[in-house]
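Single-structure report; data block below.
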Ligand code: 5GP
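In the working numbering, the protein residues as written are 283 to 488.
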């Protein structure tokens, strides 16, 4: 059975990560999308347990205390974290598990799981990013400005990621993501056991 890998996807708010990930999971088998916990309020149309587990601050703190989160971070006045149990179960089942998380969390995951694949989704331009955030129609101007500011900060960390993907055309971008992940399975870093086994076998040969 092919071993599952952790795929960490970051990108500025409004880059279209959510839509991309939903489509990736729909189009290909073998991906499992982790659902994060957050203390932010649901946006119109979001459902508890589908987009996020929406928790009160005390409930979130409880999760941290129980070691129930792989990582968590504060982002624009709210907490976000990755529940541990689901991720570990899916990896053990051979699934590639996708975490759609911001950069601080991504770096924490990389430390704990050195073979995690870190991908960064970019919009074609900053202007397009603002247009998408405004087009959503769910955020106030103040929140949009905060998120644009945060994008500037996050842009400083892009070199920590293994690949960038530009989300201009959704279908093209989904295909590109899948190709990158497929190739990533074949790096020596992610095949240590197989390489070791081969070396042992070769030692036994004359
Ligand atoms: P939003 O409020 O737009 O849904 O998410 C805000 C930011 O939080 C996004 O960059 C998103 O990727 C990130 N995020 C979502 N879930 C998690 C999580 O579990 N951990 C971390 N560190 N960031 C997350």
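A virtual CB, placed ideally from N, CA and C, is assigned to each residue, including glycine.
DSSP three-state assignment for residue i, whether helix, strand or coil
| i | result |
| --- | --- |
| residue 395 | coil |
| residue 388 | helix |
| residue 383 | coil |
| residue 335 | strand |
| residue 472 | helix |
| residue 286 | coil |
| residue 300 | helix |
Cα-Cα separation between residue i and residue j, rounded to whole angstroms
| i | j | result |
| --- | --- | --- |
| residue 338 | residue 355 | 15 Å |
| residue 422 | residue 471 | 44 Å |
| residue 285 | residue 394 | 17 Å |
| residue 426 | residue 407 | 16 Å |
| residue 288 | residue 372 | 10 Å |
| residue 352 | residue 454 | 31 Å |
| residue 324 | residue 360 | 12 Å |
| residue 308 | residue 460 | 12 Å |
| residue 366 | residue 440 | 25 Å |
| residue 482 | residue 467 | 21 Å |
Contact test: residue i Cβ vs the ligand 5GP heavy atom, cutoff 7 Å
| i | result |
| --- | --- |
| residue 434 | no |
| residue 386 | yes |
| residue 322 | yes |
| residue 363 | yes |
| residue 354 | yes |
| residue 382 | yes |
| residue 495 | This structure leaves residue 495 out entirely; the chain is present only between 283 and 488. |
| residue 357 | yes |
Residue i - containing alpha helix (DSSP H), residue span
| i | result |
| --- | --- |
| residue 367 | 366-374 |
| residue 437 | 423-437 |
| residue 320 | Where residue 320 is concerned, there is no enclosing alpha helix (DSSP H), although the beta strand (DSSP E) it sits in stretches over 318-320. |
| residue 440 | From DSSP, residue 440 is part of no alpha helix (DSSP H); its letter is neither H nor E. |
| residue 460 | 452-466 |
First and last residue of the uninterrupted beta strand (DSSP E) at residue i
| i | result |
| --- | --- |
| residue 414 | From DSSP, residue 414 is part of no beta strand (DSSP E) but of the alpha helix (DSSP H) over 408-418. |
| residue 315 | 313-315 |
| residue 356 | 351-357 |
| residue 445 | 445-448 |
Below-8 Å beta-carbon distance, residue i vs any chain C residue
| i | result |
| --- | --- |
| residue 421 | Of the protein chains in this structure there is only one, and it is not chain C. |
CB of residue i within 8 Å of CB of residue j, strictly
| i | j | result |
| --- | --- | --- |
| residue 400 | residue 443 | yes |
| residue 297 | residue 411 | yes |
| residue 457 | residue 295 | no |
| residue 390 | residue 314 | no |
| residue 363 | residue 345 | yes |
| residue 292 | residue 374 | no |
| residue 507 | residue 316 | Limits of the chain in this structure are 283 at one end and 488 at the other, which puts residue 507 out of reach. |
| residue 335 | residue 347 | no |
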